[in-house]
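The listed protein sequences correspond, in order, to chains W and R. The first sequence begins at 1 in my numbering and counts up one residue at a time. The second sequence begins at 1 in my numbering and counts up one residue at a time. Just so it is clear, CB atoms sit at the ideal spot from N, CA and C, and this is done for glycine as well. What follows is one structure encoded as C-alpha cells, with my remarks underneath.
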Amino acid sequence: MNEKVKSLISRTLEIPESKINDKTNLVKDLELESLDLVDLVAAFEDEFKVEILDKDIKNLQTVEDIVNYIESRND
Amino acid sequence: MIKLYIEEGVSSRNLLKKVLKENDIDEKIIYNEYGKPYLKNNKIYFNISHKDNYTVLVTSKKEIGVDIEKITFRKRVLNKIANDEEKKLVKNAEDFTKLWVKKESYVKYLGMGLSYGLKNVDTLKLKKYKIKKYQDYYIAIYGDEVKEV
C-alpha cells in the first residue's frame, strides 16, 4: 500500500518518487498547497475507492498517515 | 477599511511583520484549532496567501479571508469541489481559478480551511467577496467589510 500511495502522489503532482518516503510531510517537505492537497485527495478517492472526509484532510500529513487512513476506511 | 498588500519575494512571516509594524501593532499571534492566525486582541483581522513568488496579505476591521492562485485548470479538482450549477459555469482555466479562489477565501474567512469542505461552499450564494486579476493570478477576498456584490 505504501508504494501505491507514493506512486500516486508522484504521478498526480509530477514529483519524483525518489523524493517521497513514508515520513515525508506533504506540506512541509513537498510544499504542497491547498490545490495540490485537494487534487491528491480526489486522486486517492478514485484510486482506492474510499471517501476522505473533509474534516480529516488536515490530519493526513505523511504517506504513513494516508496509508493508515485508507486502510482504516476500508475496514 | 480593507487593505490589500501584494509583495514579490517576501515571506508571509516578513510581510506580516512589516504590516504590523506599519500599523503600530505589537501583539501576540494566536491560532485557532484549524491553524488560522489571529492577533490576540483582534485589533485588526488579517489573512495571508502565498503562491509562487507572491505573498498577499489583507487587513480589515472585521473577519477576512484571502486567496491567490495562478490561472490553472484541474478537472479532477473541479469535479471534487463544484456543484452542478458551478460546473456549468466553468468554461476555461480563468473560470476555474476564480471559482477556486472564491471558495478558498470563504473557508479561510470562516477560519476552517479545507476542513469546511469546498463542495459545501456554493459560490452562487456568496455575496461579500471581491475578485482581482493580477498578472497571471487571481486574488479573492471574502470578508464582513466587503460590500455585497
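Check                                                                                                               : Outcome
Classification of N47 (chain R) by the beta-carbon crowding that lies within 10 angstroms, buried from 16 upward    : buried
Residues of the stretch 17-40 of chain W whose Cβ lies closer than 8 angstroms to any Cβ of chain R, in chain order : E33, S34, L35, L37, V38 and D39
Delimiting residues of the alpha helix (DSSP H) encompassing E85 (chain R)                                          : D84 to L89
Of the listed residues W:E3, W:L40 and W:L53, nearest to S18 (chain W) (C-alpha basis)                              : W:E3
DSSP beta-bridge partners of V66 (chain R)                                                                          : R:I141
Chain-ordered chain R contacts of I57 (chain W) [CB-CB under 7 angstroms]                                           : L114 and S115
Contact under 7 angstroms by Cβ, T123 (chain R) with T97 (chain R)                                                  : no
Any C-beta of chain R under 7 angstroms from that of D90 (chain W)                                                  : In this structure chain W extends from 1 to 75, so residue 90 (chain W) is not present and cannot be described.
C-alpha distance - I70 (chain W) paired with P37 (chain R), whole-angstrom precision                                : 30 angstroms
8 angstroms Cβ shell around A82 (chain R) - same chain, five flanking residues per side excluded                    : V90, L99 and K119
Proximity below 7 angstroms, CB of D36 (chain W) to CB of L13 (chain W)                                             : yes
Close beta carbons around K43 (chain R), own chain, < 7 angstroms, minus the five adjacent residues each side       : I25 and E27
Beta-carbon proximity list for V146 (chain R), same chain, < 7 angstroms, skipping 5 on both sides                  : I2, K128, Y129 and K130
L126 (chain R) - DSSP class collapsed to helix/strand/coil                                                          : coil
I30 (chain R) burial status per 10 Å Cβ neighbour count (16 or more: buried)                                        : exposed
Within chain W, partners of N79 (chain R) - CB distance below 8 angstroms                                           : A42
Beta-carbon separation (whole angstroms), V77 (chain R) vs S105 (chain R), contact threshold 8 angstroms            : Going by Cβ atoms, the distance from V77 (chain R) to S105 (chain R) rounds to 16 angstroms, so no, they are not a contact pair.
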